[in-house]
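*Asks:*
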């Protein structure tokens, strides 16, 4: 398939690509982004008028929330943690299981999900005076502008050797070396956008629900680590309350993925890794100027 | 009007394919072999002018010449072990985090160089590097894979590059301001033609042309051998390099190991019983990297061969296990992690023994010890389980016997010092140790690699 990706010229934060991919059918346009921003906070998109996109993707919390698993209309609890949705413009698949191939596919699914907002997308669009297509394009456009970068990590990568503390630099060496986090968390967005069964083994079959391939049982998409320190709890099921718990979990090497093995990290090395993850917190911007 | 035939411009033992011509077609930059000196070669005068001589372990690598032929931008491997971007001897970008840089094209105003940055986490980035010392502007990042070639259209508005997607090299056109991108075809080493509307590129041994707007393709020429486009010059003339000759594995009474893929073979290894020979053979397009290699396993008595594609980005130096069922290789996986891997001969399944992100495969050597134990040399450290030796240059294992050549030149066999050696690598030949490299001995026969590689630089006026 061949098509043009078109994007507006946005002053992207340090560390991110200048090219912000957007489909030719929905190029970034200021009016559409502004409308999408209003819709993102509009609770009328949920059946009982209690839940907006921003309810679970709170800008004050790195566009995530504090609940271990997403809470929708009627206080219903979903099966998975609300993901941070920063830098999703650069995503290749969407949701923990990658069931949406584009942001346009993704943004309307929570509206239709009975556990989340519980409305037919067409009905939600009518409520706010739009067509389904207008609603979809506006929401996707706004989400494309939610960018996080210019963190101490980005400044270090750009050549500022003072940007990370000695402890964080030691953590970065572990991240790339002994702990091998970089096997999955790489690139400007600190994710390979692939699926791995590295987390706790439970009843949620993850990517398998989409692909039906046995090797995908319990596999979930690698989350970006941007803003990770400010968005507990962690993992797809929100089962780890702190970064220390996450590091401890991976140190034990209990996941099903062949990349996972016991790391034998010392207590100091675990502290260094946690310190590094604090350096992934940077500036979050949204919307167009 | 008849199309002109390609014309050989330059060849010789000193010529490499690292460099590119000026737009006016007068000169070409080149890193010379084996000196690694960066020079400019004047096609008309047949003279060589020094640009950046190698010095104290520092040397130039990729280079490009400005449109007027007066300035050269080049990657410089510095004493700290990483590459920096230099122009006319002045450093314009130095950042250990982008340990490898590859300048690809000058902007028309001469203020920026389109540059590929390769980060320590195996991410390559397409960037515009300003020559005033400012921070490069990253247009796009690519995980694990890197373009073999990028080029900027004559008006400076469009970048064409290739990238590996789903096992195929796709061609992309990217707006130089980062505002858009499009997949336009498949191939490698793309270059813009002078009209800015068509791209020429390599597909195997063939040169093709693509009209970007319409997607129309046509083959311009075949039978070019192991070639790579190096640059377009005035008059729509393509300058390209050819790797003539090659490397071949021989064994016994100088019998070539392969007749099907001559000139693409290296690194022989005998099975313990001397009945099987494994070697590495190159496939696919010519490239600067070492990818697209397979392992060939030959039964010597029948000469029947079988190919094993381990699916690694790089594979080298196969060593048979004692039971003849597995091969130990060094290489790198498709995420760029170098290390040591075990390849099951029957199934081709690959199991990593040791991997190191952002490392060089050349840092590793490996050999089977007794039983299933494995000796792994990583840099100057040689390890087998809990046993570790430091300061090692090379080693050789034969059953329970261990020979170690230390970086001081001291040779030690089974823990006893046996004098000094100048060899870089060592191999057991019966009871004796000999200088190694791409050589192996079965107990009856030798096997070795010979190289007669020669590079040529040609030009061809493209048909309209």
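Residue numbers (this note's numbering), protein chains in the order written: chain A, -12 to 276; chain B, 2 to 465.
Cβ atoms here follow ideal geometry from the backbone N, Cα and C, with glycine treated the same way.
1. Given that residue 141 (chain B) touches chain A, what residues does it touch there, using C-beta distances under 8 Å?
2. With DSSP run on the structure shown, which of helix, strand or coil describes residue 309 (chain B)?
3. To the nearest angstrom, how far is it from the Cα of residue 125 (chain A) to the Cα of residue 173 (chain B)?
4. Buried or exposed: residue 166 (chain B), going by 16 or more other Cβ atoms within 10 Å of its Cβ?
5. Is any non-hydrogen atom of the ligand FAD found closer than 8 Å to the C-beta of residue 60 (chain A), if you look at the structure I gave you?
6. If you measure between the beta carbons of residue 146 (chain A) and residue 72 (chain B), is that distance less than 9 Å?
7. Mind checking who residue 412 (chain B) pairs with in its DSSP beta bridge?
8. Provide the residue span of the alpha helix (DSSP H) that contains residue 144 (chain A), from first to last.
9. Could you check which residue in B:140, B:141 and B:195 has the C-alpha nearest to that of residue 156 (chain B)?
10. Is DSSP giving residue 25 (chain A) helix, strand or coil here?
11. May I have a chain-ordered list of the alpha helix (DSSP H) segments no shorter than 4 residues that lie completely inside the stretch 198 to 243 of chain A?
12. Between B:150, B:104 and B:70, which has its C-alpha nearest residue 85 (chain B)'s C-alpha?
13. Answer with buried or exposed for residue 418 (chain B), where buried requires no fewer than 16 other C-beta atoms within 10 angstroms of its C-beta.
14. List the residues of chain A whose Cβ lies closer than 9 Å to the Cβ of residue 96 (chain B), in chain order.
15. Whose C-beta lies closer than 6 Å to the C-beta of residue 445 (chain B) among residues of the same chain, with five residues either side of it excluded?
16. Can you confirm whether residue 123 (chain B), when its beta carbon is compared against all beta carbons of chain A, has any partner nearer than 9 Å?
17. Is there a Cβ of chain B sitting closer than 9 Å to that of residue 23 (chain A), yes or no?
18. Using the beta-carbon of each residue, which ones in chain B are nearer than 8 Å to residue 163 (chain A)?
19. Locate the alpha helix (DSSP H) running through residue 357 (chain A), then write down its first and last residues.
20. In or out: residue 34 (chain A) buried (at least 16 other Cβ within 10 Å) or exposed?
21. So for residue 110 (chain A), helix, strand or coil by DSSP?
22. Does the beta carbon of residue 100 (chain A) sit closer than 9 Å to a beta carbon anywhere in chain B?
23. Measure the beta-carbon distance from residue 135 (chain A) to residue 5 (chain A) and round it to whole angstroms, keeping in mind my assumption that it falls under 8 Å.
24. For residue 163 (chain B), would you say it is in contact with chain A, using Cβ-to-Cβ distances shorter than 9 Å as the test?
25. With the cut-off set at 9 Å, would you say residue 329 (chain B) and residue 341 (chain B) are in Cβ contact?
26. Here's the rule: buried if 16 or more other CB atoms are within 10 angstroms of the residue's CB, otherwise exposed. What is residue 317 (chain B)?
27. Where does residue 184 (chain A) fall in DSSP's three states?
28. In three-state terms, what does DSSP make of residue 83 (chain B)?
29. For residue 362 (chain B), which three-state DSSP category applies?
30. Who are the near neighbours of residue 240 (chain A) in its chain, counting only those whose CB is closer than 6 Å to its CB and skipping five residues on each side?
31. Would you say residue 17 (chain A) faces chain B, with C-beta separation under 9 Å as the test?
32. Hey, could you find the ends of the alpha helix (DSSP H) residue 154 (chain A) is sitting in?
33. Would you say residue 243 (chain A) lies against chain B (beta-carbon separation less than 9 Å)?
34. Please check the pair residue 294 (chain B) and residue 277 (chain B), which I expect to be a contact at CB under 8 Å, by giving their CB distance rounded to whole angstroms.
35. Against chain A, with Cβ distances strictly below 9 Å, would residue 117 (chain B) count as a contact?
36. Roughly how many angstroms lie between the CA atoms of residue 454 (chain B) and residue 283 (chain B), to the nearest whole one?
*Replies:* Working from what's here:
1. Here residue 141 (chain B) refers to the residue found at position 140 when the second chain is read from its first residue. For residue 141 (chain B), the chain A residues whose C-beta falls within less than 8 Å of its own C-beta are 4, 5 and 6, listed in chain order.
2. Mapped onto the second chain, residue 309 (chain B) falls at position 308. Strand, per DSSP.
3. As a first step, residue 125 (chain A) is located in the first chain; it is residue number 138 there, counting from the start. As a first step, residue 173 (chain B) is located in the second chain; it is residue number 172 there, counting from the start. Taking C-alpha positions only, residue 125 (chain A) is separated from residue 173 (chain B) by approximately 28 Å.
4. Against the second chain, residue 166 (chain B) aligns to sequence position 165. Residue burial annotation: residue 166 (chain B) is exposed, with fewer than 16 other C-beta atoms found within 10 angstroms of its C-beta.
5. Because no ligand of any kind appears in the structure shown, any question about the ligand FAD cannot be addressed here.
6. By 1-based counting over the first chain, the position of residue 146 (chain A) is 159. By 1-based counting over the second chain, the position of residue 72 (chain B) is 71. The Cβ-Cβ distance between residue 146 (chain A) and residue 72 (chain B) does not fall below 9 Å.
7. In the second chain, residue 412 (chain B) corresponds to position 411, counting from 1. According to DSSP, residue pairing for residue 412 (chain B) in a beta bridge involves B:406.
8. In the first chain, residue 144 (chain A) corresponds to position 157, counting from 1. First-last of the alpha helix (DSSP H) with residue 144 (chain A): 139 to 144.
9. Sequence index remark: in the second chain, residue 156 (chain B) carries index 155 (1-based). Across the set B:140, B:141 and B:195, the C-alpha of B:195 shows the shortest separation from the C-alpha of residue 156 (chain B).
10. Taking the first chain and counting its residues from 1, one reaches residue 25 (chain A) at position 38. Helix.
11. Segments of the alpha helix (DSSP H) lying fully in the stretch 198 to 243 of chain A: 230 to 239.
12. Residue numbering aside, residue 85 (chain B) sits at position 84 when the second chain is read from its first letter. Ranking the options by Cα distance to residue 85 (chain B), first place goes to B:104.
13. Walking along the second chain from the start, residue 418 (chain B) turns up at place 417. Residue burial annotation: residue 418 (chain B) is exposed, with fewer than 16 other C-beta atoms found within 10 angstroms of its C-beta.
14. As a position in the second chain, residue 96 (chain B) is number 95, starting the count at 1. Identification of chain A residues near residue 96 (chain B) by a Cβ-Cβ cut-off of 9 Å yields 144, 145 and 146, ordered along the chain.
15. For the purposes of this step, residue 445 (chain B) is taken as residue 444 along the second chain, with counting starting at 1. Closer than 6 Å at the Cβ level, and outside the excluded window around residue 445 (chain B), lie 275.
16. Position 122 of the second chain, counted from the start, is the residue given in the question as residue 123 (chain B). Closer than 9 Å: yes.
17. Indexing the first chain from 1 puts residue 23 (chain A) at position 36. Cβ-Cβ to chain B under 9 Å: no for residue 23 (chain A).
18. Indexing the first chain from 1 puts residue 163 (chain A) at position 176. What residue 163 (chain A) touches in chain B: 121, 122, 358 and 359.
19. With chain A represented from -12 up to 276, any question about residue 357 (chain A) goes unanswered, as that position is not in the structure.
20. To locate residue 34 (chain A), count along the first chain from 1; it is residue 47. Buried.
21. Residue mapping note: residue 110 (chain A) aligns to position 123 of the first chain, counting from 1. Reduced to three states, the DSSP call for residue 110 (chain A) is helix.
22. Walking along the first chain from the start, residue 100 (chain A) turns up at place 113. Residue-level contact check: residue 100 (chain A) does not touch chain B, since none of the beta carbons of chain B fall below 9 Å from its beta carbon.
23. By one-based count along the first chain, residue 135 (chain A) stands at place 148. By one-based count along the first chain, residue 5 (chain A) stands at place 18. So it is not a contact: roughly 16 Å between Cβ atoms.
24. For the purposes of this step, residue 163 (chain B) is taken as residue 162 along the second chain, with counting starting at 1. It does not; no Cβ of chain A falls within 9 Å.
25. Working through the second chain from its first residue, we reach residue 329 (chain B) at position 328. Working through the second chain from its first residue, we reach residue 341 (chain B) at position 340. Yes; because the gap between Cβ atoms is below 9 Å, this pair is in contact.
26. Position 316 of the second chain, counted from the start, is the residue given in the question as residue 317 (chain B). Buried, since its Cβ has 16 or more Cβ neighbours within 10 Å.
27. In the first chain, the residue the question calls residue 184 (chain A) occupies position 197. Correct three-state label for residue 184 (chain A): coil.
28. For the purposes of this step, residue 83 (chain B) is identified with residue 82 of the second chain, where counting begins at 1. Three-state DSSP puts residue 83 (chain B) in coil, outside helix and strand.
29. Taking the second chain and counting its residues from 1, the one referred to as residue 362 (chain B) is at position 361. Looking at residue 362 (chain B) - three-state DSSP - the assignment turns out to be helix.
30. On the first chain, residue 240 (chain A) is found 253 positions in, with the first residue counted as 1. Correct list, in chain order: 247, 248 and 249.
31. Your numbering for residue 17 (chain A) matches position 30 in the first chain. No - not a single Cβ of chain B is within 9 Å of the one on residue 17 (chain A).
32. Numbered from 1 along the first chain, position 167 holds the residue referred to as residue 154 (chain A). Run containing residue 154 (chain A): 153 to 163, per the alpha helix (DSSP H) assignment.
33. As a working note, residue 243 (chain A) is residue 256 in the first chain. So no, residue 243 (chain A) is outside the interface.
34. Working through the second chain from its first residue, we reach residue 294 (chain B) at position 293. Working through the second chain from its first residue, we reach residue 277 (chain B) at position 276. Between residue 294 (chain B) and residue 277 (chain B) a beta carbon distance of about 19 Å is seen, past the 8 Å cut, so the two are scored as non-contacting.
35. Start at 1 with the first residue of the second chain, and residue 117 (chain B) comes out as number 116. No - not a single Cβ of chain A is within 9 Å of the one on residue 117 (chain B).
36. Within the second chain, numbered from 1, the residue matching residue 454 (chain B) stands at position 453. Within the second chain, numbered from 1, the residue matching residue 283 (chain B) stands at position 282. CA-to-CA, the gap between residue 454 (chain B) and residue 283 (chain B) works out to about 14 Å.
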